[in-house]
Amino acid sequence: MSIVEALIFGIVQGISEFLPISSTAHIIIAQLVFGKTFPGLSFEVILHLGSIVAVVFYFRRDCVHLLKTFFRYLSKRSAHDRPEFFFIVYIIIATIITGGLGIFLEDIFAEIMKTPAFIASALALTGIFLIIIERFHQIGNRTETEMTFLDAIIVGLAQTLAVFPGISRSGSTLIAALFAGLNRPTAVRYSFLLSIPVILGSSVLAFDDLSTGNFAAIGAVPLFLAFLASLIASWIGIVWLIQFLNKGRLIYFALYCFILAIIVVTMLDNSTVPSVN
């Protein structure tokens with residue numbers, strides 16, 4: 001893999017990971033464009049690690065605060081710490097739902113879900129729900145202190161759909177949280193913090209596929225540059241999405257999904273779809 005290709009894949013992964021436009025679909029499309037097939041999952045793990053570092057660093061104070069509060073509540077049972085304690089519990093619940101059902105769905109639909117027609121349909125569906133949530137749904141006003149187990153279940157189920165290329169993980173969790181009646185700041189915070197165990201978990205599950213042979217086939221320099229590009233681009237994607245959400249402009253992401261869906265279904269050949277795990 002060339003340095004330019006590594007940088008492009010890193011940027012594509014980073015930007016699309018946290019924007020509601022599906023990073024998996026973009027990586028598949030990038031592979032098709034460059035005619036690349038990754039050797040195993042080693043390269044994808046490196047790309048995801050860049051995104052994990054970015055989101056953890058961006059929300060580092062929030063992460064430290066939540067962990068301290070979580071363990072403090074376990075020992076002291078302070079009513080003041082209760083909302084933050086259950087906020088982490090809700091993250092755990094949604095993660096468990098996503099992990100269990102995601103593997104089940106991937107096993108069932110593995111053969112069809114990476115075809116251009118399927119990806120285009122999923123992208124269009126993402127765009128439709130982004131329009132609905134912005135234009136036709138009354139945003140709620142519930143904060144994390146008013147979250148319930150039902151909210152975690154709804155968001156966890158929605159996040160499970162992101163196993164399908166074209167369905168955005170960040171988009172599905174944001175849409176579900178807003179539909180459930182959470183206000184924008186709470187939905188954004190929950191969605192981003194929920195991404196940490198989900199992305200980390202998917203990377204850990206892929207560790208068995210890591211091999212020095214796969215790394216050697218790509219090259220140390222391209223791997224490092226892809227990781228760095230993914231980290232920086234992920235940071236930009238986080239900042240960008242938060243700014244867009246504050247202004248209520250999800251419609252632009254919806255239009256992008258529609259345009260990309262048209263490009264995918266009209267310009268990509270089913271027979272050329274790479275095998276992406």
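Under the UniProt record's numbering, the residues of the sequence shown are numbered 1 to 277, in order.
Ideal Cβ positions, reconstructed from N, Cα and C, are used throughout, including at glycine.
Cβ pair residue i, residue j closer than 8 Å
i: residue 120; j: residue 261; result: yes
i: residue 234; j: residue 79; result: no
i: residue 145; j: residue 83; result: yes
i: residue 253; j: residue 130; result: yes
i: residue 153; j: residue 97; result: yes
i: residue 46; j: residue 182; result: no
Residue burial classification, residue i (beta-carbon count within 10 angstroms, cutoff 16)
i: residue 255; result: exposed
i: residue 102; result: buried
i: residue 190; result: buried
i: residue 148; result: exposed
i: residue 218; result: buried
i: residue 220; result: exposed
i: residue 65; result: exposed
i: residue 15; result: buried
i: residue 264; result: buried
i: residue 67; result: exposed
i: residue 238; result: buried
i: residue 225; result: buried
i: residue 243; result: exposed
i: residue 245; result: buried
Residue closest to residue i, alpha-carbon to alpha-carbon, out of the options
i: residue 142; options: 180, 167, 202; result: 180
i: residue 236; options: 58, 31, 167; result: 58
i: residue 36; options: 9, 47, 15, 259; result: 9
i: residue 118; options: 163, 220, 30; result: 163
i: residue 203; options: 230, 12, 44, 226; result: 44
i: residue 139; options: 154, 149, 116, 177; result: 177
i: residue 230; options: 63, 52, 56; result: 52
i: residue 105; options: 32, 56, 158, 64; result: 158
i: residue 99; options: 62, 265, 161, 243; result: 161
i: residue 122; options: 25, 48, 49; result: 25
i: residue 266; options: 249, 116, 62; result: 116
i: residue 232; options: 247, 2, 124, 50; result: 50
Residues near residue i by beta carbon distance below 7 Å, same chain, minus five either side
i: residue 126; result: 20, 22, 166, 167, 168, 171, 257
i: residue 81; result: 69, 72, 73
i: residue 56; result: 63, 196
i: residue 34; result: 5
Residues near residue i in its chain [Cβ-Cβ closer than 6 Å; skip 5 each side]
i: residue 174; result: 187, 191
i: residue 70; result: 85, 88
i: residue 241; result: 18, 19
i: residue 151; result: 180
i: residue 48; result: 199, 203
i: residue 249; result: none
Residues of its chain near residue i, where Cβ-Cβ distance is below 8 Å and the 5 sequence neighbours each way are ignored
i: residue 95; result: 156, 194, 197, 198, 201
i: residue 251; result: 130, 131, 134, 135
i: residue 128; result: 254
i: residue 2; result: 222
For this session: Determine, using beta-carbon pairs with one atom in the region 127 to 134 and one in the region 60 to 80, whether at least three such pairs fall under 8 Å.
Result: With a cut-off of 8 Å, the region 60 to 80 and the region 127 to 134 do not count as touching, because too few Cβ pairs lie within range.
Exercise. Does the pairing of the region 85 to 93 with the region 189 to 201 give three or more beta-carbon distances under 8 Å?
Worked result: yes
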